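Trainee: One structure is given below, represented as structure tokens, and several questions about it will come after.
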Amino acid sequence: MENGGLQLSLAEIVATLGGVLDGVVTPENKLVQRIAPLETADQHSISFCSDTRYQAQLAKTKAACVVLAPSLQAAALEAGLTCIVTDNPYAYFARLTQWWQQSQRDKNPLWGAKHIHPSAVVDERADIHPSAHIGPLCVIERGASIGADTVLTARVHIGQGCSIGQRCILHPGVVIGADGFGFAPENGRWLKIAQLGAVRIGDDVEIGANTCIDRGALDDTVIGEGVKIDNLVQIAHNVQIGAHTVIAGNTGIAGSAKIGEHCAIGGAANILGHLSIASGTQISPTSMVTRSIHRPGLYTGIYPIQTNAEWERTAASIKQVDKMRQRMKKLEQTISAFIESQQQA
Amino acid sequence: MENGGLQLSLAEIVATLGGVLDGVVTPENKLVQRIAPLETADQHSISFCSDTRYQAQLAKTKAACVVLAPSLQAAALEAGLTCIVTDNPYAYFARLTQWWQQSQRDKNPLWGAKHIHPSAVVDERADIHPSAHIGPLCVIERGASIGADTVLTARVHIGQGCSIGQRCILHPGVVIGADGFGFAPENGRWLKIAQLGAVRIGDDVEIGANTCIDRGALDDTVIGEGVKIDNLVQIAHNVQIGAHTVIAGNTGIAGSAKIGEHCAIGGAANILGHLSIASGTQISPTSMVTRSIHRPGLYTGIYPIQTNAEWERTAASIKQVDKMRQRMKKLEQTISAFIESQQQA
Amino acid sequence: MENGGLQLSLAEIVATLGGVLDGVVTPENKLVQRIAPLETADQHSISFCSDTRYQAQLAKTKAACVVLAPSLQAAALEAGLTCIVTDNPYAYFARLTQWWQQSQRDKNPLWGAKHIHPSAVVDERADIHPSAHIGPLCVIERGASIGADTVLTARVHIGQGCSIGQRCILHPGVVIGADGFGFAPENGRWLKIAQLGAVRIGDDVEIGANTCIDRGALDDTVIGEGVKIDNLVQIAHNVQIGAHTVIAGNTGIAGSAKIGEHCAIGGAANILGHLSIASGTQISPTSMVTRSIHRPGLYTGIYPIQTNAEWERTAASIKQVDKMRQRMKKLEQTISAFIESQQQA
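Residue numbers (this note's numbering), protein chains in the order written: chain A, 1 to 345; chain B, 1 to 345; chain C, 1 to 345.
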């Protein structure tokens, strides 16, 4: 996709987003037409550098202007670059992309200024803020509420009694408030436990395509403000997720798990039910959390990949690792007993 | 969500669901207004205790009444509690939630008494029982059949020729009968194998949000009666799942796998294709089943999680585990040869 | 589902799809009514055998005719079978299933000859080829383009500016062009990075139910021609997938990963972001790729499954495997030092 048809002057950018413009501004670079990574930027591009690890790319870029931190300013000027200096270049870049998007994408691409797309199916007993946007083919059930400036892009389902905060973005296929997975065994069959709770989602939450958040069994499932959830994530009944936690795609969080604030959960990770995860914890992708984590830090449980031939040998030996430990212990005892006996002899 | 506006007397509950009411019934506790867990129950709540492990909570609860098994009756009375005694308190609780739900939720929240929501797209050659409920924005293709009292909540897809039994519940985003994943290689390209089978789903099956069950290649994919499947589960073509098996979220079952009855498959588990799993087998979450299981039992393959620093050392050593086994064997031989030589000397 | 109502003569099949008919053709077997696997084929079935491993089944089948390779021809004739001999029986079988399907299934089951189902929501600024078929309840946003003969089955979402090639098949619930997962941290909150790229999908691509492919951050996410993707797969922003690669269900591919041509990615595998995978690489199911793969081959990282009792011991010992390696080293040194000292003595 073309990066929009927007053209901005560097002066206009600094006037709006702040930062200090440094280096030479010429008629050639005073206007930028696209945002691009350092390596593919051309003389009409604005780029950014948020990390000194990319300093080598800085010397080679053709960008008209680079947004960067004070620590990189000297190197940039030495390389003859024009730059905008700011304390948090990555956040600056984020704001710049938002500006570009406003010129490029309709906020409500399919229905212009309309508040609720006519193809959406909305119960009359739902409470939808007049500034919310309900996209095509969404379903909103009775008693649900949608906060100000929240966008349900398309084909989003909000179940009965569930509430969504302000400024949220829910991507296509999201299902909020399907029944939690609860059954009682009786005579070899499963009896449904009706799920009487709902889902409550705070402000500024973003939820990726086809992600599912189930309603609680008795109490509610609760997602804190500022939480960001990627695509195809499964969040079971009665889970609680603290504010500003991010959860990458394909992850599964089992029932009644309680995740703290400012956590980062890697893609395809899994968290067992009824656990607590301390605020600030990071979980590596594909790791399985089987016990509560009380001390924040980075936790990992990735099984290493090998060529298949090596793996076959490793996998066979792994099953023996407990026996190996026992053999090791026996060997240590044999040796020390023998050495001792020799020394006494 | 408020736990409904229902108010029930203990006498009414016992008259309908059975069990024996014991302890003191006062004007204060004779009516209950909500169902709550032991720890958060108040004097208007009915709670339940299905396990002696929760006996400590029993002593502390403020619940008006607790549903419990005969083994806990004495302890409850001693703690001054009012209780309903029944052999299977968890099943009793399930029936109670269903009662509550009937007063709280519309079975068809968006369209009252109507049988098929007007926004659903239903082929005229589909066979839909008059007591089935087809929610908004569902798609039902030609030749599909939907049994009595089955509920397709919303945005459910039923492909051509697929059949759904009686009293099933399919949650939003479910896709039944998309094509199985089958291609024949020819000259470096993939040739589609048209999927000529369908999906047959038994009675009393529940299927979670955004779960997919593919149609068979030549024969049908078959889901037995009473099976319960959670959200975001992938079931490939020609899989067979026996009656009353439960499958938790994010799980994947590859083509032509045959799973027995009364199995329990944990979340994010995976089962390779063309395997058989014995009835009554339990698979722990995130475990990968790579061979048939002929003897029921609990099987596990969870890679342990550690702090990242510990994991780095473990992961490096795991790749050496086969070499370690060889070194161990050599060491054992060296030592026993040496000891023998010394003893002979 | 009945395998269609089609009846074909063997002569007609060979005339259309090629191959050499051998063995006895009688009034009984000259017409076939269904395609079936060798084991369940009856005297009205045509079957196929693509692998000498199934030769034993060949001797026992009741099929009217078996499609097979020249290497199996003699064995088949000896067993009294009628056969169609062709170099690639699996591809022949694929073409046969396609023929059957044309007689059995409507290409557009719900709306006959119509090009765009009236329930689909299509922006007038989208570019849809007149031979494309847009199924019920699809959403196509502004600036999207859909190539010739492409089928969006039902409830498919194509986001703004995304392009789909010719002869593609997108199954129900697919989401193309939701926002990539990108946020910049600022003062403990997450600032959205607007996703300015799109998704570009080549010709002859098939995408399974509820699979998500996100739009790029600045550049596009790109799926090469002939790629086949199964259900519930997550493809993050700026991923590039080479031509004719196949990806099985539940897999996750993180941002900016670059996968070569003719790769095969097993189910529930995961690939970290910013990696490169060489063309022709195969990844076993559930394996996690944490580094680039430069040499094609089969790579595996499956944690072995055991009975739970065995697993508990293994999992405990795995965490000790690094310490075991150190103990092993120390033991080797102790022994060799001791033996040396004894020999010197």
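Glycine included, each C-beta is placed from N, C-alpha and C at the ideal position.
This one's a predicted model, so the numbers in the text were calculated from it and none came from an experiment.
(1) Taking C-alpha atoms, which residue in A:A184, A:E12, A:A64 lies nearest to D42 of chain A?
(2) Tell me whether the segment 151-160 of chain A and the segment 182-190 of chain B touch, counting them as touching only if at least three CB pairs, one residue from each stretch, are closer than 8 Å.
(3) To which residues does DSSP link Y299 of chain B through a beta bridge?
(4) When we look at the beta-carbon of T307 of chain C and count the other beta-carbons within 10 Å, is it buried (16 or more) or exposed?
(5) Are S45 of chain C and Y90 of chain C close, meaning C-beta to C-beta below 9 Å?
(6) Any beta-carbon of chain B closer than 9 Å to the one on Q344 of chain A?
(7) Within 8 Å, do at least three Cβ pairs link the segment 173-180 of chain A to the segment 211-227 of chain A?
(8) Does the beta carbon of M1 of chain C sit closer than 9 Å to a beta carbon anywhere in chain A?
(9) How is the alpha helix (DSSP H) around A59 of chain B delimited, first residue to last?
(10) What residues from chain B crowd round L232 of chain C, counting only those whose CB sits closer than 9 Å?
(11) Given a limit of 7 Å on CB to CB distance, which residues of the segment 139-160 of chain C reach chain A?
(12) Taking the alpha carbon of W100 of chain B as the reference point, which residue from B:I305, B:Q33, B:I84, B:V24 has its own alpha carbon closest?
(13) Could you tell me whether the segment 128-136 of chain A touches the segment 136-143 of chain B, where touching means 3 or more Cβ pairs closer than 8 Å?
(14) Pull out every residue of the segment 74-92 of chain C whose Cβ sits closer than 7 Å to any Cβ of chain B, in chain order.
(15) In terms of residues, what are the limits of the alpha helix (DSSP H) holding P70 of chain B?
(16) Check each residue of the segment 304-316 of chain A: if its Cβ is closer than 7 Å to any Cβ of chain C, include it; give the result in chain order.
(17) With respect to the beta strand (DSSP E) encompassing F183 of chain C, which residues constitute its N-terminal and C-terminal limits?
(18) According to the Cβ coordinates, are G267 of chain A and G249 of chain A closer than 9 Å?
(19) Tell me whether the beta-carbon of I176 of chain C lies closer than 9 Å to the beta-carbon of I193 of chain C.
(20) Does the distance from the C-beta atom of V85 of chain B to that of G19 of chain B stay below 9 Å?
(21) Given that H171 of chain A touches chain C, what residues does it touch there, using C-beta distances under 8 Å?
(22) By the 7 Å beta-carbon criterion, what residues does the segment 264-294 of chain B contribute toward chain A?
(23) Specify the secondary structure class of R34 of chain C as computed by DSSP and reduced to three states.
(24) Just the C-alpha distance for S9 of chain B and A76 of chain B, rounded to the nearest angstrom, thanks.
(25) For G208 of chain C and N231 of chain C, what's the separation of their Cα atoms in angstroms?
(26) Under three-state DSSP, which class holds M1 of chain A?
(27) Run through DSSP, which three-state label would E12 of chain C get?
(28) Run the CB neighbour count on P136 of chain C, radius 10 Å, all protein chains shown included, and call it buried at 16 or more, exposed below.
(29) Whose C-alpha, out of A:T16, A:R325, A:R313, A:T211, is nearest the C-alpha of K323 of chain B?
(30) Which value, in whole angstroms, describes the spacing of the CA atoms of M1 of chain B and G161 of chain A?
(31) Run down chain B in chain order and give the residues with a C-beta less than 7 Å from the C-beta of K319 of chain C.
(32) Considering Cα atoms alone, identify which of B:F93, B:I116, B:F48 is closest to Q73 of chain B.
(33) With a threshold of 9 Å between beta carbons, is G135 of chain C in contact with chain A?
(34) Please name the residue, chosen from C:G252, C:A309, C:H274, that lies closest to I283 of chain C on a Cα-to-Cα basis.
(35) Going by Cα to Cα distance, which pick from A:L81, A:Y54, A:A236, A:G297 is closest to A198 of chain A?
(36) Here's a check: name, in chain order, each residue in its chain whose Cβ is nearer than 6 Å to the Cβ of I247 of chain C, leaving out the five neighbours to either side.
Mentor: Reading from the atomic positions:
(1) A:A64
(2) no
(3) B:I283, C:T307
(4) exposed
(5) no
(6) no
(7) yes
(8) At M1 of chain C the pLDDT is 42, less than 50, meaning the model places this residue with poor confidence and gives no usable figure here.
(9) 55-60
(10) N210, T211, C212, L232, V233, Q234, N250, G252
(11) V139, E141, R142, R155, H157, Q160
(12) B:Q33
(13) no
(14) N88, Y90, A91
(15) 70-78
(16) P304, I305, Q306, T307, N308, W311, A315
(17) 183-186
(18) yes
(19) no
(20) yes
(21) V175, A178, D179
(22) G267, A268, P285, T286
(23) strand
(24) 20 Å
(25) 4 Å
(26) Legend: pLDDT at M1 of chain A = 42, less than 50; position of this residue unreliable, no value from coordinates given.
(27) helix
(28) buried
(29) A:R313
(30) Model confidence at M1 of chain B stands at a pLDDT of 42, short of 50, so the residue's coordinates are unreliable; what they give is reported in the following sentence. Approximately 6 Å, taken between the alpha carbons.
(31) P304, Q306, T314
(32) B:F48
(33) no
(34) C:G252
(35) A:A236
(36) I229, V233, I265
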